[in-house]
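Asker: I'd like to ask you about the structure that follows.
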Amino acid sequence: MSGLASFFKERSAGRSVLFFTLALVIFEAFLIIGIVNDHFWETLSNGAMICMSCIGVG
Amino acid sequence: MKRRIVQFISFLGTNSFLASIPRASFYQGNLKGVCVPVLNCYSCPGAWGSCPIGALQHFIIVRQFPFYVLGILGFVGVFVGRWPCGWLCPFGFFQDLVYKLKLPKFSAPDWLRHMKYVVLVVVCGLIAWWTWEPWFCKICPAGTLGAGLPWFAWQLRGSEYAEGMQFFTKVFGLKVVTLAALVFLMGMMRRPFCRFVCPLGALFGLSNKFSLLQMDTHLDDCAIAFAKGSDFKNCASCNYCSADCPMDLKVPEQIGSVDCIRCMNCTSYGSVYWKVTLGQGGRGTARGRAEAAAARGAIYEAAIEEVKTAEPEAPDSS
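Residue numbers (numbering that gives the first Met the number 0), protein chains in the order written: chain A, 0 to 57; chain B, 0 to 317.
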């Protein structure tokens with residue numbers, strides 16, 4: 000147990016590898032989920048979310 | 000100088016859809032779905048991509064979890080951390096240039112750095128959720144500079160003056176006043192927007208903690224400490240590296256800070272390295288070592304010369 004506790008407390012190469020891998024997997028999954036989402040293709044990808052009132056003109 | 004060139008190329012690259020400019024319109028093709036990892040308004044006349052903060056608010060307004068925006072920012076962040084802020088962001092580039100103006104220089108209280116998290120959560124999150132409006136976009140100075148002002152100029156160009164001025168709405172007035180105040184501040188302090196306001200920097204900064212690109216210090220290599228006759232093990236507290244930090248960080252102590260934009264200015268003093276590795280240990284990459292060694296050679300000579308003539312005066316960190 001103390002070994003596991005020190006793994007998370009101390010800044011070690013093992014901890015960094017774990018955090019980096021976890022972050023990479025999570026964000027890649029987010030990216031894939033985001034791109035396959037219908038909403039992405041309906042709005043973001045054709046610029047439909049652009050609003051001129053947001054930039055204060057018109 | 001190398002960074003200025005990259006920043007300039009990035010500015011041109013993110014605003015390279017020049018075909019829309021003569022038509023006074025903007026690009027609305029599929030590439031607009033790509034969030035660029037910098038604060039560049041999607042309504043900028045030449046922009047081919049989207050601003051991630053605008054897209055984030057859009058997802059919040061339509062009540063969808065922003066998987067795509069967090070995914071694209073996180074994917075960039077796990078590799079390079081906040082590096083795009085220092086090297087790619089056009090608004091950061093603009094702030095760097097304005098700071099070069101000969102104006103009195105000030106430093107701001109350090110606690111103001113936390114304000115960007117409030118902006119991220121309250122303005123981009125809660126207020127967008129409650130009001131169904133992207134309020135950060137409505138006050139964003141980067142949007143005013145890159146999109147609002149060019150669009151307003153177009154409205155004036157194509158119409159009578161009085162007719163064009165009707166586009167000067169209250170929101171636009173608020174944006175112009177905000178931008179003017181910020182430009183004034185930019186001349187007097189380093190990157191005030193990035194340090195205190197930018198919600199994108201707040202998001203990116205979190206990835207500094209686990210990104211592949213890391214900064215590290217080896218104080219025993221500090222050229223200034225050597226020139227001042229230090230024992231090679233301790234920081235000489237000369238503030239040379241801190242005085243060169245565009246984010247006003249105290250470099251040796253705050254080397255892994257979420258506010259570090261990986262600009263590499265501090266690597267010119269020999270004691271700070273960039274490294275592409277995980278965890279502590281090691282001496283950085285061969286390239287990092289070579290760059291620092293080259294810089295050390297030049298700085299040794301300059302610093303030793305300075306020490307010979309007089310005790311070097313620590314630059315004012317403010």
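For each residue, glycine too, the CB sits at the ideal point set by N, CA and C.
By how many angstroms is the C-alpha of arginine 190 of chain B removed from the C-alpha of proline 103 of chain B?
Answerer: Walking along the second sequence from the start, residue 103 of chain B turns up at place 104. Walking along the second sequence from the start, residue 190 of chain B turns up at place 191. Each residue's alpha carbon lies about 15 Å from the other.
Asker: Within 8 Å (strictly less), CB to CB, does isoleucine 8 of chain B reach chain A?
Answerer: What you label residue 8 of chain B is simply residue 9 of the second sequence in a count that begins at 1. It does not; no Cβ of chain A falls within 8 Å.
Asker: Taking only runs of the alpha helix (DSSP H) that begin and end inside the stretch 123-186 of chain B, which ones reach a length of at least 4 residues, in chain order?
Answerer: Runs of the alpha helix (DSSP H) inside the stretch 123-186 of chain B: 127-130, 134-138, 148-156, 160-164.
Asker: Do the CB positions of alanine 54 of chain B and valine 37 of chain B come within less than 8 Å of each other?
Answerer: Position 55 of the second sequence, counted from the start, is the residue given in the question as residue 54 of chain B. Position 38 of the second sequence, counted from the start, is the residue given in the question as residue 37 of chain B. No. Outside cutoff.
Asker: Residues of chain A with CB closer than 8 Å to the CB of phenylalanine 209 of chain B, please, in chain order.
Answerer: By 1-based counting over the second sequence, the position of residue 209 of chain B is 210. By Cβ distance, chain A contributes Ser15, Phe18, Phe19, Ala22.
Asker: Between phenylalanine 74 of chain B and chain A, is any beta-carbon pair separated by less than 8 Å?
Answerer: Stepping through the second sequence from its first residue, residue 74 of chain B is reached at position 75. Yes, its Cβ sits closer than 8 Å to a Cβ of chain A.
Asker: Report the start-end ranges of each beta strand (DSSP E) in the stretch 190-238 of chain B that is 3 residues or longer and not cut off at the edges.
Answerer: 212-216
Asker: For a test of the three-state rule: what should DSSP assign to cysteine 34 of chain B, helix, strand or coil?
Answerer: To locate residue 34 of chain B, count along the second sequence from 1; it is residue 35. In the structure shown, cysteine 34 of chain B sits in a strand (DSSP, three-state: E or B).
Asker: Report the CB separation of threonine 216 of chain B from valine 257 of chain B in whole angstroms; it is logged as a contact under 8 Å.
Answerer: Stepping through the second sequence from its first residue, residue 216 of chain B is reached at position 217. Stepping through the second sequence from its first residue, residue 257 of chain B is reached at position 258. Contact doesn't hold; Cβ gap of about 17 Å is too wide.
Asker: Of the residues that make up the stretch 174-193 of chain B, which ones have a beta carbon closer than 9 Å to any beta carbon in chain A?
Answerer: Lys174, Val175
Asker: Measure from the C-beta of phenylalanine 16 of chain B to each C-beta in chain A and report whether the shortest distance is under 8 Å.
Answerer: Mapped onto the second sequence, residue 16 of chain B falls at position 17. Phenylalanine 16 of chain B has a beta carbon lying at 8 Å or more from every beta carbon in chain A.
Asker: Please report the distance separating the alpha-carbon of arginine 14 of chain A from that of leucine 205 of chain B.
Answerer: Here residue 14 of chain A corresponds to residue number 15 of the first sequence, with the count starting at 1. Here residue 205 of chain B corresponds to residue number 206 of the second sequence, with the count starting at 1. Using only the alpha carbons, I get a separation of about 16 Å.
Asker: Hey, how far is the Cα of lysine 208 of chain B from the Cα of phenylalanine 78 of chain B?
Answerer: In the second sequence, residue 208 of chain B corresponds to position 209, counting from 1. In the second sequence, residue 78 of chain B corresponds to position 79, counting from 1. Straight-line Cα distance between these residues: approximately 11 Å.
Asker: Once the 5 residues before and after valine 196 of chain B are set aside, which same chain residues still bring their CB inside 7 Å of it?
Answerer: On the second sequence, position 197 is the one that residue 196 of chain B refers to. Counting only Cβ-Cβ distances below 7 Å, and skipping sequence neighbours, we find Met114, Lys115, Val118.
Asker: Cβ atoms of leucine 87 of chain B and serine 15 of chain B: under 8 Å apart, would you say?
Answerer: Position 16 of the second sequence, counted from the start, is the residue given in the question as residue 15 of chain B. Position 88 of the second sequence, counted from the start, is the residue given in the question as residue 87 of chain B. Their beta carbons are not under 8 Å apart, which means serine 15 of chain B does not touch leucine 87 of chain B by this criterion.
Asker: Please check the pair phenylalanine 39 of chain A and glycine 32 of chain B, which I expect to be a contact at CB under 8 Å, by giving their CB distance rounded to whole angstroms.
Answerer: Translated into positions along the first sequence, residue 39 of chain A becomes position 40. Translated into positions along the second sequence, residue 32 of chain B becomes position 33. At roughly 6 Å, the Cβ-Cβ gap stays under 8 Å, so phenylalanine 39 of chain A and glycine 32 of chain B are in contact.
Asker: Tell me which same chain residues have a C-beta within less than 7 Å of the C-beta of valine 5 of chain B, skipping the five on either side of it?
Answerer: Numbered from 1 along the second sequence, position 6 holds the residue referred to as residue 5 of chain B. Excluding sequence neighbours, valine 5 of chain B sits near Trp86.
Asker: At the level of alpha carbons, what is the spacing between proline 251 of chain B and tryptophan 131 of chain B?
Answerer: Taking the second sequence and counting its residues from 1, one reaches residue 251 of chain B at position 252. Taking the second sequence and counting its residues from 1, one reaches residue 131 of chain B at position 132. Rounded to whole angstroms, proline 251 of chain B to tryptophan 131 of chain B spans 44 Å at the Cα level.
Asker: State the start and end residues of the unbroken beta strand (DSSP E) segment that holds valine 271 of chain B.
Answerer: Locating residue 271 of chain B in the second sequence gives position 272, where the first residue counts as 1. Start and end: 271-275.
Asker: Who are serine 49 of chain B's beta bridge partners in DSSP?
Answerer: What you label residue 49 of chain B is simply residue 50 of the second sequence in a count that begins at 1. Looking at the DSSP assignment, serine 49 of chain B forms a beta bridge with B/Cys34.
Asker: Below 8 Å on the Cβ atoms is my guess for phenylalanine 29 of chain A versus leucine 211 of chain B; work out the distance and round it to an integer in Å.
Answerer: Numbered from its first residue, the first sequence carries residue 29 of chain A at position 30. Numbered from its first residue, the second sequence carries residue 211 of chain B at position 212. Taking 8 Å as the upper bound for CB-CB distance, phenylalanine 29 of chain A and leucine 211 of chain B are not in contact here, some 18 Å apart.
Asker: Would you kindly work out how many angstroms separate the C-alpha atoms of tyrosine 98 of chain B and proline 149 of chain B, rounded to a whole number?
Answerer: Numbered from 1 along the second sequence, position 99 holds the residue referred to as residue 98 of chain B. Numbered from 1 along the second sequence, position 150 holds the residue referred to as residue 149 of chain B. Going by the C-alpha atoms only, they are around 23 Å apart.
Asker: What does phenylalanine 66 of chain B reach in chain A if we use C-beta pairs closer than 8 Å?
Answerer: Counting from 1 along the second sequence, the entry for residue 66 of chain B is found at position 67. Those are Phe29, Leu30, Ile32, Gly33, Asn36, listed as they occur along chain A.
Asker: CA-CA distance, isoleucine 20 of chain B and proline 44 of chain B?
Answerer: For the purposes of this step, residue 20 of chain B is identified with residue 21 of the second sequence, where counting begins at 1. For the purposes of this step, residue 44 of chain B is identified with residue 45 of the second sequence, where counting begins at 1. Approximately 6 Å, taken between the alpha carbons.
Asker: Mark alanine 22 of chain A as exposed unless 16 or more other C-beta atoms lie within 10 angstroms of its C-beta, in which case mark it buried.
Answerer: As a position in the first sequence, residue 22 of chain A is number 23, starting the count at 1. Buried.
Asker: Do glycine 147 of chain B and proline 174 of chain B have their beta-carbon atoms positioned less than 8 Å apart in this structure?
Answerer: Numbered from its first residue, the second sequence carries residue 174 of chain B at position 175. Numbered from its first residue, the second sequence carries residue 147 of chain B at position 148. Residue identity differs from the one stated: residue 174 of chain B is lysine in this sequence, not proline. Yes, the pair counts as a contact, with Cβ atoms nearer than the cut-off.
Asker: Please report whether the beta-carbon of phenylalanine 39 of chain A lies at a distance below 8 Å from any beta-carbon of chain B.
Answerer: Translated into positions along the first sequence, residue 39 of chain A becomes position 40. Yes, phenylalanine 39 of chain A counts as interfacial toward chain B.
Asker: Cysteine 265 of chain B and cysteine 240 of chain B - do their beta-carbons sit closer together than 8 Å?
Answerer: Counting from 1 along the second sequence, the entry for residue 240 of chain B is found at position 241. Counting from 1 along the second sequence, the entry for residue 265 of chain B is found at position 266. Contact check for cysteine 240 of chain B against cysteine 265 of chain B passes: the beta carbons are separated by less than 8 Å.
Asker: What is the residue span of the alpha helix (DSSP H) that glutamine 94 of chain B lies within?
Answerer: Here residue 94 of chain B corresponds to residue number 95 of the second sequence, with the count starting at 1. Its alpha helix (DSSP H) spans residues 89-98.
Asker: For asparagine 36 of chain A, which three-state DSSP category applies?
Answerer: To locate residue 36 of chain A, count along the first sequence from 1; it is residue 37. Asparagine 36 of chain A: coil per DSSP, three-state reduction.
Asker: Measure the C-alpha to C-alpha separation of tryptophan 134 of chain B and proline 83 of chain B and round it to an integer number of angstroms.
Answerer: Residue mapping note: residue 134 of chain B aligns to position 135 of the second sequence, counting from 1. Residue mapping note: residue 83 of chain B aligns to position 84 of the second sequence, counting from 1. Approximately 24 Å between the Cα atoms of the pair.
Asker: Roughly how many angstroms lie between the CA atoms of alanine 293 of chain B and alanine 222 of chain B, to the nearest whole one?
Answerer: Position 294 of the second sequence, counting from 1, holds the residue named residue 293 of chain B. Position 223 of the second sequence, counting from 1, holds the residue named residue 222 of chain B. Using only the alpha carbons, I get a separation of about 11 Å.
Asker: Kindly indicate if chain A contains any beta-carbon less than 8 Å away from that of valine 321 of chain B.
Answerer: Residue 321 of chain B is absent from the structure shown; chain B starts at 0 and stops at 317.
Asker: Terminal residues of the continuous alpha helix (DSSP H) containing leucine 69 of chain B?
Answerer: For this step, residue 69 of chain B is matched to residue 70 along the second sequence. First-last of the alpha helix (DSSP H) with leucine 69 of chain B: 66-79.
Asker: Indicate whether methionine 58 of chain B and proline 65 of chain B have their beta-carbon atoms separated by less than 8 Å.
Answerer: Residue mapping note: residue 58 of chain B aligns to position 59 of the second sequence, counting from 1. Residue mapping note: residue 65 of chain B aligns to position 66 of the second sequence, counting from 1. Rather than methionine, the amino acid found at residue 58 of chain B in this sequence is phenylalanine. Their beta carbons are under 8 Å apart, which means phenylalanine 58 of chain B touches proline 65 of chain B by this criterion.
Asker: Would isoleucine 31 of chain A be called buried (16 or more neighbouring beta carbons within 10 Å of its own) or exposed?
Answerer: Within the first sequence, residue 31 of chain A is the residue found at index 32, counting from 1. Exposed, because fewer than 16 other Cβ atoms sit within 10 Å of the Cβ of isoleucine 31 of chain A.
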